[in-house]
Amino acid sequence: MIRLNGVGKRYPGGKEALRNISLHINRGELVFVTGHSGAGKSTLLRLIPLLERPTRGQIFVANVSLARLPRRRIPLLRRGIGMIFQDHRLLYDRPVFDNVALPLIIAGMPYREIGRRVRAALDKVGLLDKERHYPVTLSSGEQQRVGIARAVVARPPILLADEPTGNLDPALSGEIMRLFEQFNELGATMMIASHDVTLINRLGHRRLTLADGKLIDDGVERRRET
Amino acid sequence: MTVWNGAGRLEAPMKPHQSHGRRRFLKVWLAQHVRALLGSLGAFTRNRIPSLMTAGVIGIALALPAAFLVLLDNIQTLASGWQGQPHASLFLRRDLNAEQVTRLAQQIGARKGVVHVRIITPEQGLAELRELSGFRQVLALLPSNPLPPVIEVEPSGALTPAQVDSLIDELAALPSVARIRLDRDWLQRLHAILYLFERGTWVVAALLGITVILVVGNTIRLDIENRRDEIVIVKLIGATDAFVRRPFLYSGLWHGLAGGLLACLLVETGRLLLTGPASHLASLYGSRFELTGIGFSGGLTLLGCGAFLGLVGSRLAVGWHLSAIEPR
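Heads up: the protein sequence lines correspond to chains P and A, in order. Going by my numbering, the first sequence opens with residue 3, and the numbers climb by one from there. Going by my numbering, the second sequence opens with residue 13, and the numbers climb by one from there.
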């Protein structure tokens, strides 16, 4: 589903965020990306929906080379990728319902369908009773779950999460990870960047380890051993 | 809903009509437009004060040239009312005696297209000049009467300007006529002046049109800046440029339309204020002239201009500022 061949990313100014990364993530896999802050986890995730372009190498998403994807088709790539951010990235002047409905409105879904889908997604993250609330009135964990509902509401085949549990206490983090596992069981390919090693170890999925922009462990060997 | 499942779907042109049929594409497209239209109208009415201020600037900018054009229109109507009866003064050769002059006047009066002739003898002319000019003492110094006999000719009002011209030419060609003067000259000058003013008004209108475009453009630019975060987020989750653009374009349209409406109101209010004094003035001249307003089609034109300029302004602003905002 996601394939990287010798990908490097150097920012203007010379900082090398990623060096020669090659990896392959299969359809329906759940993969954790770990490493110290600054190791390149975020950069790696941002390459996939083309929020950044690599300076070297090739990326394939669903067998499509991103380098050859025309600019006007980038929105369609992004519609197929649900993204969850540590800082939630919600629209704070719109109620929860509107935030979650946004991907469906962008895709031009009929209204009846939107209501049904949004409530199903909110139900899934346990916020059905908060649909008329504004994000600022919600706790950080609840805002994160609104972000998750927005990412999954259009049922994208790929979900990316950048430090989704960064600010949350362990109980909430575990809850959110269980949600992710449920989406994964429904067929979504997932990449989750996190430095919460204890949590990742407990869950026991494939784990990519980055250090200083290099992939030092792509988790395939370890999985064969276990 | 999966927008794409695999290679083929993303690689193929992803216009919705190819995967779901033209009908669905049109429906979605229309729904998106209605959404943007209503959404931007909602935003316009929610931010009432800034919206009205922008609309006010646009309204005044549109009302000024519109008012000038309405005024010119009225003056032209008035002037064309006077054009019917030009008088021609035929200055005859000084050596003609009274009898010859009378005969000539009869001949001219019998011509087709001539309604009325009047003879002004040199003596009458001198008397009139004495009465009118206050040159009594100067005139008394003259050894003899310098004035020629004059025949005043009034062509029929049914003649076209071209026919009047050819009549005048024929009269001028008469051997007894030394010089001819048509008192239509001042009217022609008036028309020339009006034409100049009209041209000037169009120049001003063009400049004010550019002003409207810049004002709307600036309003939309500020709006884009204020909603930068929102734009980034919707682009992040797959909004096309057109989707992001639409609300701003409609917003420009609403500002322009509101400005056009305001301009109509301003011009009509101005007319109502001037109508009383204008008809009073007209009645003093024994005319029943009434100020005509901007009219229905004029109002529509003004609204159309407002909408068009608003759209152009917002399109420019969107083109300049929106593409610079990309998700980070």
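Virtual Cβ for every residue (Gly too), placed ideally from N, Cα, C.
Assuming contact is defined by CB atoms lying nearer than 8 angstroms, are residue i and residue j in contact in what I supplied?
i: Glu-177(P); j: Ser-196(P); result: no
i: Leu-269(A); j: Gly-221(A); result: no
i: Met-192(P); j: Leu-161(P); result: yes
i: Ala-75(A); j: Ala-275(A); result: yes
i: Val-155(P); j: Val-199(P); result: no
i: Leu-278(A); j: Leu-183(A); result: no
i: Leu-323(A); j: Gly-264(A); result: yes
i: Leu-129(P); j: Ala-151(P); result: yes
i: Ala-48(A); j: Pro-259(A); result: yes
i: Ile-27(P); j: Ile-61(P); result: no
i: Ala-122(A); j: Val-165(A); result: no
i: Arg-106(A); j: Pro-160(A); result: yes
i: Ile-50(P); j: Ile-83(P); result: yes
i: Val-176(A); j: Ile-132(A); result: no
i: Ala-163(P); j: Phe-185(P); result: no
Report the option in the options whose CA atom is closest to the CA atom of residue i.
i: Glu-18(P); options: Gly-221(P), Asn-203(P), Asp-219(P), Gly-215(P); result: Gly-215(P)
i: Pro-105(P); options: Ile-116(P), Met-193(P), Met-3(P); result: Ile-116(P)
i: Ser-326(A); options: Ala-294(A), Tyr-262(A), Glu-338(A), Gly-125(A); result: Tyr-262(A)
i: Ala-290(A); options: Asn-86(A), Ile-249(A), Ile-192(A); result: Asn-86(A)
i: Val-85(P); options: Ser-44(P), Leu-68(P), Leu-201(P), Pro-137(P); result: The identity of residue 85(P) in the sequence shown is Met, whereas the question assumes Val. For Met-85(P), the nearest C-alpha among the options comes from Ser-44(P).
i: Leu-206(A); options: Ala-67(A), Phe-80(A), Leu-116(A), Phe-56(A); result: Phe-80(A)
i: Leu-186(A); options: Asp-197(A), Phe-260(A), Gln-119(A); result: Gln-119(A)
i: Arg-147(P); options: Ile-218(P), Asp-220(P), Leu-46(P), Phe-99(P); result: Phe-99(P)
i: Thr-304(A); options: Val-82(A), Thr-313(A), Leu-53(A); result: Val-82(A)
i: Gly-282(A); options: Ile-306(A), Ser-299(A), Ala-294(A); result: Ile-306(A)
i: Gly-143(P); options: Ser-175(P), Leu-188(P), Ile-107(P); result: Ser-175(P)
For a test of the three-state rule: what should DSSP assign to residue i, helix, strand or coil?
i: Ile-249(A); result: coil
i: Ser-141(P); result: coil
i: Arg-239(A); result: coil
i: Val-9(P); result: strand
i: Arg-21(A); result: Low per-residue confidence applies at Arg-21(A): pLDDT is 47, beneath 50, and the placement is therefore not dependable enough to give any value.
i: Pro-167(A); result: strand
i: Glu-18(P); result: strand
i: Leu-193(P); result: It should be pointed out that residue 193(P) corresponds to Met in this sequence rather than to Leu. Strand at Met-193(P).
i: Met-229(P); result: Residue 229(P) is absent from the structure shown; chain P starts at 3 and stops at 228.
i: His-267(A); result: helix
i: Lys-216(P); result: strand
i: Arg-106(A); result: coil
i: Leu-71(P); result: coil
i: Ala-190(A); result: strand
Any beta carbon of chain P sitting closer than 8 angstroms to that of residue i?
i: Val-40(A); result: yes
i: Ile-245(A); result: yes
i: Ala-55(A); result: no
i: Leu-234(A); result: no
i: Pro-48(A); result: In the sequence on display, residue 48(A) carries Ala and not Pro. By this cut-off, Ala-48(A) is not an interface position.
i: Leu-206(A); result: no
i: Gly-250(A); result: yes
i: Ala-336(A); result: no
i: Pro-62(A); result: no
i: Glu-237(A); result: no
i: Gln-30(A); result: Summary for Gln-30(A): the model assigns pLDDT 46, below 50, so the residue's position carries little reliability; its value from the coordinates is reported in the next sentence. It does not; no Cβ of chain P falls within 8 angstroms.
Any beta-carbon of chain A closer than 8 angstroms to the one on residue i?
i: Met-192(P); result: no
i: Pro-77(P); result: yes
i: Leu-49(P); result: no
i: Met-85(P); result: yes
i: Arg-80(P); result: yes
i: Leu-20(P); result: no
i: Leu-162(P); result: no
i: Leu-46(P); result: no
i: Leu-53(P); result: yes
*Check each residue of the segment 103 to 118 of chain P: if its Cβ is closer than 9 angstroms to any Cβ of chain A, include it; give the result in chain order.*
For the segment 103 to 118 of chain P, which is checked against every Cβ of chain A, the residues closer than 9 angstroms are Leu-104, Pro-105, Leu-106, Ile-107, Ile-108, Ala-109, Gly-110, Met-111, Pro-112, Tyr-113, Glu-115.
*When you check each C-beta in the segment 89 to 101 of chain P against every C-beta of chain A, which residues fall closer than 7 angstroms?*
Listed in chain order, the positions of the segment 89 to 101 of chain P with a beta carbon within less than 7 angstroms of a beta carbon of chain A are Arg-91, Leu-93.
*Between the segment 251 to 268 of chain A and chain P, which residues of the former have a C-beta closer than 9 angstroms to a C-beta of the latter?*
Answer in chain order: Ala-251, Thr-252, Asp-253, Phe-255.
*Just by C-beta distance, which residues in the segment 116 to 141 of chain P are closer than 7 angstroms to chain A?*
Residues: none.
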